[in-house]
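Protein chains: 4
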Amino acid sequence: MSVRTGEAYLAGIDAMDNKVLSGKTIIKKPLSKHAAFRGVMRTQAELYDLQHDAAYMDVLTYTDRDSGERYGLSFLKPETREDLTRRSGMIKCWAEQTHGMIGRSPDYMNTVLMALAASADLLEGKENCFPDHLRSYYEYVKKHDLTMTHTFIDPQVNRGDFYFEQKDEPIAAKIVERNAEGIIIHGAKLLATQGGITDELVVMSAAGFEQDRGFGFAIPSNADGLTFVARESFAGGKGKADYPLSARYEEMDTIVLFDKVLIPWERIFYYDNVAVANSFKNESSFAAFGLHQVLIRRVAKLDFTIGIVQSLIEEINIAEYQHVRKKAAKLVILSEVLQSLLQQAEAGAAPDRLGTFCPDLKPLQVASNIFARKYTEIAPMIQQLGASGMMSIPPVQAFKSEKGVELNHYLQGATKQGEDRVKLFRLAWDFAMSSFGTRESLYEYFFFGDPVRLISQFYGSIDFKPYKEKVDNLLS
Amino acid sequence: MSVRTGEAYLAGIDAMDNKVLSGKTIIKKPLSKHAAFRGVMRTQAELYDLQHDAAYMDVLTYTDRDSGERYGLSFLKPETREDLTRRSGMIKCWAEQTHGMIGRSPDYMNTVLMALAASADLLEGKENCFPDHLRSYYEYVKKHDLTMTHTFIDPQVNRGDFYFEQKDEPIAAKIVERNAEGIIIHGAKLLATQGGITDELVVMSAAGFEQDRGFGFAIPSNADGLTFVARESFAGGKGKADYPLSARYEEMDTIVLFDKVLIPWERIFYYDNVAVANSFKNESSFAAFGLHQVLIRRVAKLDFTIGIVQSLIEEINIAEYQHVRKKAAKLVILSEVLQSLLQQAEAGAAPDRLGTFCPDLKPLQVASNIFARKYTEIAPMIQQLGASGMMSIPPVQAFKSEKGVELNHYLQGATKQGEDRVKLFRLAWDFAMSSFGTRESLYEYFFFGDPVRLISQFYGSIDFKPYKEKVDNLLS
Amino acid sequence: MSVRTGEAYLAGIDAMDNKVLSGKTIIKKPLSKHAAFRGVMRTQAELYDLQHDAAYMDVLTYTDRDSGERYGLSFLKPETREDLTRRSGMIKCWAEQTHGMIGRSPDYMNTVLMALAASADLLEGKENCFPDHLRSYYEYVKKHDLTMTHTFIDPQVNRGDFYFEQKDEPIAAKIVERNAEGIIIHGAKLLATQGGITDELVVMSAAGFEQDRGFGFAIPSNADGLTFVARESFAGGKGKADYPLSARYEEMDTIVLFDKVLIPWERIFYYDNVAVANSFKNESSFAAFGLHQVLIRRVAKLDFTIGIVQSLIEEINIAEYQHVRKKAAKLVILSEVLQSLLQQAEAGAAPDRLGTFCPDLKPLQVASNIFARKYTEIAPMIQQLGASGMMSIPPVQAFKSEKGVELNHYLQGATKQGEDRVKLFRLAWDFAMSSFGTRESLYEYFFFGDPVRLISQFYGSIDFKPYKEKVDNLLS
Amino acid sequence: MSVRTGEAYLAGIDAMDNKVLSGKTIIKKPLSKHAAFRGVMRTQAELYDLQHDAAYMDVLTYTDRDSGERYGLSFLKPETREDLTRRSGMIKCWAEQTHGMIGRSPDYMNTVLMALAASADLLEGKENCFPDHLRSYYEYVKKHDLTMTHTFIDPQVNRGDFYFEQKDEPIAAKIVERNAEGIIIHGAKLLATQGGITDELVVMSAAGFEQDRGFGFAIPSNADGLTFVARESFAGGKGKADYPLSARYEEMDTIVLFDKVLIPWERIFYYDNVAVANSFKNESSFAAFGLHQVLIRRVAKLDFTIGIVQSLIEEINIAEYQHVRKKAAKLVILSEVLQSLLQQAEAGAAPDRLGTFCPDLKPLQVASNIFARKYTEIAPMIQQLGASGMMSIPPVQAFKSEKGVELNHYLQGATKQGEDRVKLFRLAWDFAMSSFGTRESLYEYFFFGDPVRLISQFYGSIDFKPYKEKVDNLLS
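Right, dumping it as structure tokens:
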């Protein structure tokens, strides 16, 4: 069967024995048992299990028209409006399960791969391009319901506009050899979220102008020579009561080191082709489907945030203050805006030139721009609403201590006893103030690239003619 | 025929001889010839004429199912989705004709009256309420395609929260007598836009708690004892070349003085009923249909603004600057957001309890909140982009002077000769810097009430339960 | 006597018969009688007269140590802290007289010329430079207490970063001939405020790289071939009651046309020297003294603004609202900040390398940056506070009409009768919404250049070493 | 000797055996050895030691005029401008030592106590007030150079405007008994920073209207019945290399539980006096001296922040981008503004009615308002500048691993090798993204109370008469 269970996912990753450097040492014990990974892997496993839950199966999987085989719905290449609607339902279901807190829930990468494979025709007839490799990789992943991550960007040595790496020893990963078996990659790539706890790694180069860095391929996470370097974990060690979010959703970010890694030919989508490397992603339906998934997830996250904010407001009884009302109302307004843009993108969906039924890109770009900017305002807002309550958060064990009864009394809120009130405030803290929470802000801000660059590109993509004609009409 | 021509409108208003105080004197000559009014009346006349233009007739008028009579489409009470769609098309057509610059284009008040009349059932059986008067007033206005304005708010004596007028001589208009013929109104009301150049005046009291001020009625603008006090005109006197906007769209705002004005019974919708006065408008479909018309108009206005901004950018060649690109892009983003909310409101439309096919209110409220706040940022943006060009705007006659040839050369832009470039900058100035332009900003900001109060009310209208449940689920 | 009276100033300008194009025609009648200029010229005359008022004479003038002659204090080149303090007092006195609303009060240009002349040594020994011409021009202007304006910037044809004018017929004014009598200038310059109503015009080229445009000189406003092209006047025609600001303070902006104007050698400070043209102003004490004058004026203006805002608040009784309090408080905070920066600049004053006792530049740049950005927020703030009151402003003559008594009653505020309340609101309107008011916003925003460029240059001028050392110390 | 050494401070606290609840248990081992406290205690000890360092002794201590005894300078009650200047120097010295990151460096509470004691006259002759107790407490603390913290605010049960606690069992600490020995306090108080690691605890009630809660007193931290409940520690466990800030500066916040704690009479400043409880702090010089200390500390912190920001900018070479330059420049502008306000406050210092030489309060309030708001923008700014670099931060041990050499190469910046670059980014992360960093933001925002309330109060304190007179003059 092509639809994985949580158990199979956990066992699969543990069996691969991917090389993850944590601090000074390579992690020895199974990753699913390691404090840095077990929370998020458990959460992912629950998502996989949901595919087998009778209540969700039809929402999360589909039966292939030809083979009769059942696959995860995130792999479905939509050809009709109904297909697209089913995709939306699947994304929403998984996103609400995790309150939109998992950036790399399986549907994200599955969607990305589906979109790239659906656009494989764009590679036809181009130098050093292998559209068939991409299509069969998609079939392979779909058939085994594998989990992937990707790495696109280069190490941040120098972000000047005209920087060109001139080093003997490469920094940004590049092709150092081509031979009968494939290409050899050496160097580093940033910043693979969930790196090391996925089956597969998809690698595409950032925009550039060097032939050695014009490639796209995929390899198993346990490929020879591959190391994932972890930052410290932001998963709260003491568990879900104290760290309701990070204990479940901390995904880890890793730097990927390639030490002369062989990429076999059948796993290469294109290489030594800068033009394709610079254009394929943009010309494919990657952005449309990627942003579609992201927007649905973000709406789920935002609605969860509204719940946190309003719960705080009620618990300390501050709804009478005009600025408080305004803060909460603006979050609801943001949610309405995003949902409208989502509906606009779906209402405007149409088959692209390759026949994929694609959501309309523009409203999705608008939504992404708005969310990236507004999301950064949420954490400060919660801090300002929560005030001293954000620091009056002894760990929940304190309520089991010799002072537990008193604390339960002294820390009560308008509706909750102390322990439950502290749990709510710890949730707000984990969202808005913990190392996990701030990483979320950063992640959402940069999810689809630097907003400063993106809005400039967006300007460049607008056809201003119809707007200017209105002015010309009036003036003439 | 029930659909008016521009000529009939102009002649009608002139014949009424409404009493308008301008400076120290009551205006004597026909209003349509007066410098303060001729521009906007000409523009309104063009809108009426469009109803008779074969190319627009089916967009702007409809044939009554029962009588076979043709009426203006803004009077159509929608009962189906198709009706609503037709209404949208009509509003858009008139709005684009005037670039959204006319707040009181006929469709606005026609829409308001339609919505109130469609909600007349709410008045049934209530004390001192006459739903039939409202319905027949609607039929009367529709049949003669009359033009109306309204006045709702009281003079701004004291805006404190608990202010209660205690004067012997009334300030805010109130009922001072009830007799066999009707009620007698004395005092003042603010701020009737286009006051004096409409056939009719609709008067409803602001929220309050005084029986004498709980009323709703309509009277002809030339009713005995009625005076409209005009502010100075912001219409640029030298014509469309120098004042492309104000010469066409300056609508005038007036204070309305009631000097013991008799309101005959058949024109009274309700009186001496504070509860109804405070609730009828909110419970009716007034807000839904009003905000629907306004949003369509505002989208037209915004798109015109984008045209101005981008024309400026190109004319002085500043598109290379990142902050310039961002400014223009954010206007496009705003337009996309408003259009999505409009589509959301229409997609969510449904029959209300009285059978009127009503747009969904929430997205319209969201759009109104966003537009009111963002619109105030546009004028400063245009000033910052236009820079010294905003003051290098000799009147166009200067190009006919002895220095005309030189000026045409010296004031050239990237694509235009001096005279055309100055016309563009004068347009930008009239939009962003003239007394007319700033009045537009004020008008849009307060169009549906003080945004500070509105967002607080909006907060109060939200059902937070589903949001909070997400949090409760996680915590338990 | 070297200190002018208002009468002498008015007569002097009228006698010069400067060529000012207004609309299609050159102004014929004396400028001091022309509607566009009489208000501001009357205001300027009052400033001059104040120099002869016994109560102000010692604040506004000084006695030369050597000659015993009395001069305007704005000409004083400070050599001691006491001199600088006297300068401050003089600027403040004139600024408070005009509520900071006159950008080109005589002290501004006098200060500029003093600073340039005090820096004349910088021109010594450089090619085509005549420091003595600059020094004697300063003496000449001081001795006759002449009034000046300046023009520095070029027409806004193309603001791209690498624009280079390539036209046969010049646009930006340039040297087209050098001969025995002097140089011949042809082309246009922007944007001489008060152009045409000053005795003298100081011209310096903008930063560039063309020899023909590397110059600095001064000529009388009635030089042969010189034309000032006026925009329309923003002076409210009906006088001070209705237009309390523009009737007094509208200064006019003009485009300056040079039609082969001869600049005699003795009036040339430098020419054909791009390096000097690009550096002299920046290396001189121009910015320090100019920004010092401007800051004192702006503090006076801001305090006047606070008066307007608080008067509005009290008149409609809205001080109970938290957002209203915040708005007003932020203006007071801004005023405190500017005053502190002024004090900082004066406390840090010291002799520059040429012996002039110069205020510290950095706090003045900081103040200028802050004011330019914050000032643009004031007009929208006043609009939002004033609300409908900003449009309920019949001209004051209305109070003399047949409805005058009623209006005086109906438009009353919390403390004032209608007529006085309307006068207050007309003041607020003239400040925040009239064409005059918006021009003020633009003027202040760009007073010392485009803030976007200025803050970037400011960054470039900072020595970050001491800041970074703190980090290095911690890390090592 | 009255000036403590670091060693004496550490030994003293350890010997007291204060009762601190951490999680489920009361901490057993000496606090100075406990992971949650050893960092900040070490840092505090270094500050004390500095008092004995010959290079700093005269900056940090003074010799009493009468007794010839040497005391810490933060205890000096200033009577002259010179005294105040010395105080500034002392505060600055300690603040720069700790980069302004220690909110409760000893000078803060010493300053607070000095200001309260200097204002003890205000308690003279009032009911239940003991000014002598306050004065002798000050002498006692000064003589032994003790360290204190304070707790002022009540548990956040309900922040509504008219909340009144009505519980049988008190929540907010109150007097439950008065007897021969003193008063008995029962209940809880928030949020004692450094609670448990100071010798003394100063307690004053928040504004209220209950006699039982109108008190001010001080007790030793090891008083019977006192428990400090700690939140989890934000001190990075792995040391200064990975957590350069939190390992040094994490101060801990504690909830203080009073279990029928006896306050002996000689330690009570006032009790059962609501009027005094509500007014004493405001009428004393508490705010002036407190805000003075805080502002000097904040300037030190801000300048350190500028160092971080500019180091980041240079390391990834992004100074060419206009928005980056603007971000950094605005921090420098903020620093200049704060320094000017500080200078203004000191220049305007004068003896208060009790003879204490007090800085001017208004500029300090302005500075506090500005800093509280602007500081919240810094963390997002650093996140946006650092981008992916903020997450590419393996712990420094990774550079000692088998992949250390490669990482050192791959993570290099424009000027640093990988390990040093990561140290810089970890510093930025600890400042802007760690749980420690976000707590700092919250702390600064609320340091002197809720800014929303404070700005409203500030408005109420302004004398608007001189501002309004300017308007009246113009209008009349």
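Residue numbers (full-length UniProt numbering), protein chains in the order written: chain G, 1 to 476; chain Y, 1 to 476; chain P, 1 to 476; chain V, 1 to 476.
Glycine included, C-beta positions come from ideal geometry on N, C-alpha and C.
What does residue i touch in chain V if you count any residue whose Cβ is under 7 Å from its own?
i	result
G/K400	K24
P/Q412	Here the premise fails: no neighbours, minimum Cβ distance about 16 Å.
P/V332	I462
By the criterion of Cβ-Cβ separation under 8 Å, what are the contact partners of residue i in chain Y?
i	result
P/F37	Residues of chain Y passing the Cβ test: none, with the nearest at roughly 16 Å.
Please compile the residues from chain V whose C-beta is within a distance smaller than 9 Å of the C-beta of residue i.
i	result
Y/Q384	Going along chain V, no residue has its Cβ under 9 Å from Y/Q384, so there is no contact; the nearest lies around 14 Å.
P/P244	L474 and L475
Report the rounded CA-to-CA distance for residue i versus residue j, giving the unit in angstroms.
i	j	result
Y/A95	Y/L60	12 Å
P/A15	P/N110	22 Å
residue 487 of chain Y	Y/S434	Any property of residue 487 of chain Y remains undetermined from this structure, which presents chain Y solely from 1 to 476.
P/L191	P/T151	6 Å
G/R4	G/K142	10 Å
Starting from the Cα of residue i, find the closest Cα among the options and give me that residue.
i	options	result
Y/M114	Y/A275, Y/E165 and Y/T356	Y/T356
Y/Q457	G/R325, G/P451 and G/K400	G/R325
V/V40	V/K92, V/V332 and V/G196	V/G196
Y/V261	Y/V309, Y/V203, Y/N317 and Y/Y243	Y/V203
G/A329	Y/Q365, Y/A207 and Y/L84	Y/Q365
P/L331	P/V299, P/A345 and P/T80	P/V299
G/H323	V/R453, V/D303, V/L342 and V/Y243	V/R453
V/G187	G/E169, G/N278, G/Y410 and G/Y108	G/Y410
Does DSSP put residue i in a helix, a strand or coil?
i	result
V/R159	coil
G/E200	strand
V/S22	strand
V/P220	strand
G/G72	strand
So which residues on chain Y does residue i lean against when the C-beta distance must stay under 7 Å?
i	result
G/Y396	Looking at the sequence shown, residue 396 of chain G is not Tyr but Val. Near G/V396 there are no residues of chain Y at all, since even the closest Cβ is about 11 Å away, more than 7 Å.
Starting from residue i, find everything on chain V with Cβ-Cβ shorter than 8 Å and list it in chain order.
i	result
P/E336	L341, Q344, K362, P363 and V366
Taking Cβ-Cβ distances shorter than 7 Å, what residues in chain G pair up with residue i?
i	result
V/T227	K403
Closer than 8 Å by beta-carbon distance: list the chain G residues that pair up with residue i, in chain order.
i	result
V/T415	Per Cβ cutoff of 8 Å: no residues; V/T415 is ~10 Å from chain G at best.
Can you pull the chain P neighbours of residue i, defined as C-beta to C-beta under 9 Å?
i	result
G/Q322	Y321, Q322 and H323
Y/L257	K403, E406, L407 and Y410
In chain P, what lies closer than 7 Å to residue i by C-beta?
i	result
Y/E250	Within 7 Å Cβ-Cβ: nothing; Y/E250 doesn't reach chain P, min ~12 Å.
What residues from chain P crowd round residue i, counting only those whose CB sits closer than 8 Å?
i	result
Y/V157	I316, Q412, G413 and A414
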